[in-house]
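Residue numbers (our numbering): 91 to 332.
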């Protein structure tokens with residue numbers, strides 16, 4: 091395909107699975123993570139074994155200077171980009187009244203500021219070519235809200251709104267913007283669940299299980315490969331849960 095794909099939060103979970111899938115389909119990768127440098131290096135080696143090029147960057151995409159440094163390297167290495175997957179994000183489970191200002195700022199930075207800054211950098215590269223695609227990784231809690239995950243829900247709701255607004259702005263330039271609103275995916279983000287809590291969760295999901303990172307990656311691929319007329323959409327993948 092000779093496409094260049096940029097994925098944030100790629101050291102594990104959905105981001106890692108997506109990077110490997112897109113590499114297996116002939117794409118070159120630029121991947122970032124906030125701190126798991128060794129895991130990102132391991133991913134890079136796997137991508138190279140698939141015969142594709144891989145650029146790695148460790149830094150906080152919620153920091154505009156770090157984000158700019160990452161995209162400067164992308165421009166120097168590849169000269170262009172075709173797809174940005176805004177996957178970086180964190181969750182915090184706990185009572186609303188107990189969240190500290192520092193925790194609130196951290197989840198804002200990781201979940202929405204990172205998507206804003208990366209999208210801004212990506213658009214500047216895509217506009218001259220009048221083509222490109224942005225995919226935002228969202229959550230069903232952005233639409234429905236979750237008790238004890240108020241901050242997370244709020245940031246994912248913001249991601250959904252940004253997706254719709256940016257899609258309207260960029261459609262005349264032939265740049266598509268969509269999001270996938272995932273349900274429960276079996277990643278480290280859900281590791282806080284006790285066995286009993288996990289059983290209760292699975293009982294609520296009609297399919298009786300969590301989705302896998304590989305299934306999530308396949309959905310991202312399918313939306314990327316979808317007709318050019320698909321933009322501004324929040325596609326839900328949750329096993330019939332919500």
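Glycine residues also receive a C-beta, built at the ideal position from the N, C-alpha and C atoms.
Values in this document were obtained by computation on a predicted structure and should not be read as measured data.
query                                                                                                                                                            : result
Let me know the secondary structure DSSP gives residue 264 once reduced to three states.                                                                         : coil
Can you tell me which of the three DSSP states residue 232 falls into?                                                                                           : helix
Ignoring anything shorter than 3 residues or poking outside the region 128-211, list the beta strand (DSSP E) runs there in chain order.                         : 144-148, 173-176
Does residue 118 come out as helix, strand or coil in the three-state DSSP assignment?                                                                           : strand
Note the first and the last residue of the continuous alpha helix (DSSP H) segment covering residue 309.                                                         : 303-314
Helix, strand or coil for residue 283? Go by DSSP, reduced to three states.                                                                                      : coil
Suppose contacts are defined by Cβ-Cβ distances below 8 Å. Is residue 245 in contact with residue 202 by that definition?                                        : yes
Check whether the Cβ atoms of residue 158 and residue 211 lie closer than 8 Å to each other.                                                                     : yes
Considering just the uninterrupted stretch of the beta strand (DSSP E) at residue 327, what are its terminal residues?                                           : 324-327
Taking the beta carbon of residue 208 as the centre, do at least 16 other beta carbons fall within 10 Å, making it buried, or is it exposed?                     : buried
If you drop the 5 nearest sequence neighbours on each side, which residues of the same chain put their C-beta closer than 7 Å to that of residue 130?            : 100, 101, 121, 123, 146, 148
Which whole-angstrom value is the C-beta distance of residue 112 and residue 311, which I expect to be below 8 Å?                                                : 7 Å
Would you report the Cα separation of residue 182 and residue 247, rounded to the nearest angstrom?                                                              : 15 Å
Using C-beta distances below 8 Å, list every residue in its chain close to residue 325, excluding the 5 sequence neighbours before and after it, in chain order. : 268, 269, 270, 271, 309, 313
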